[in-house]
Amino acid sequence: MKRLLLATRNGHKTQEFRAMLGADFAIEDLSAYPGNAEIVEDGASFAQNARLKSIAVSRQIPGLVLADDSGLEVDSLGGAPGIFSARFAGAGASDAQNRQKLLEQLAKCEGAWRHPARFRCVLSIASAGEEVASFAGAIEGEIVRAERGQSGFGYDPLFRPEGLEQTFAELSAAEKNRISHRAIAVAQLRTFLAQSLLG
Ligand code: ITT
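Residues in the sequence shown are numbered from 40 upward in steps of one, following my numbering.
Structure representation (structure tokens):
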């Protein structure tokens, strides 16, 4: 089975990638490399940050390296938290603290509760310090008034995808992994890997 290293320390992402690609790839993440230095994500876009992560890790570890940079854009906050989604409530903030900050910010908005939003995901695949390909996915939806659901991670309890009644956290993992921003990018990645010699 082919090996794929995820340049992530977010175990929730790893779980989702294993569920989506696990039959074809042996997937490990940076928890297998505890000594590796933290990567500074100082890019100006999801694509730049994904590339920073895949290139930095692939310089240190041989083989194919896949990085995921993702986040939530809320229109009424001018696209925030965007690339700062993981640290919206400050460096080292928990998912719960980030969700609370989001609800606090939205509570300050005037008018009726209507907050269109989208999740974005950019995947970057690299080998030996060179980016080989990059893929993007997005899913539109809206932010609900209060958290609903227990599954998933991050902002899932606050995000209701367009066309569904449930939040991402009220869907099963399999249902989320069929429609998510990450799933859309992974579908392109899968095609690329199957067609290229890398696969
Ligand atoms: P790595 O950089 O180590 O991969 P990270 O969690 O810091 O882990 P990002 O910089 O890409 O990753 O930040 C992504 C954040 O966006 C994540 O921590 C969540 O808060 C949010 N996010 C991304 N995808 C999500 C999803 O599917 N469901 C809920 N929240 C998500």
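No residue lacks a Cβ here, since even glycine has one placed at the ideal position from N, Cα and C. No experiment lies behind these values; they were computed from the predicted model shown.
Near the ligand ITT: residue i beta-carbon under 7 Å from a heavy atom
i      : result
Thr206 : no
Leu111 : yes
Glu201 : no
Ala125 : yes
Arg48  : yes
Tyr194 : yes
Ser133 : no
Ser166 : no
Arg221 : yes
Glu80  : yes
Phe158 : yes
Lys140 : no
Lys41  : no
Asn137 : yes
Gly118 : no
Gly191 : yes
Lys147 : no
Asp107 : yes
Residue span of the alpha helix (DSSP H) that contains residue i, given as start and end
i      : result
Ile78  : Ile78 -> no alpha helix (DSSP H), and no H or E assigned at all.
Arg229 : 220-234
Ala56  : Per the sequence shown, the amino acid found at residue 56 is Phe instead of Ala. 50-60 is the extent of the alpha helix (DSSP H) around Phe56.
Ser211 : Run containing Ser211: none; DSSP gives neither H nor E here.
Arg187 : No alpha helix (DSSP H) contains Arg187, which DSSP labels as neither H nor E.
Ala86  : 85-99
Residues that DSSP places opposite residue i in a beta bridge
i      : result
Arg42  : Ala65
Ala175 : Val161
Pro200 : Gly180
Val104 : Leu44, Ala165
Any C-beta of chain D under 8 Å from that of residue i
i      : result
Ser109 : The displayed structure is made up of one protein chain only, and chain D is not part of it.
TODO: Ignoring anything shorter than 4 residues or poking outside the stretch 106-171, list the alpha helix (DSSP H) runs there in chain order.
DONE: Counting only unbroken stretches of 4 or more residues, the alpha helix (DSSP H) elements lying wholly within the stretch 106-171 are 134-146, in sequence order.
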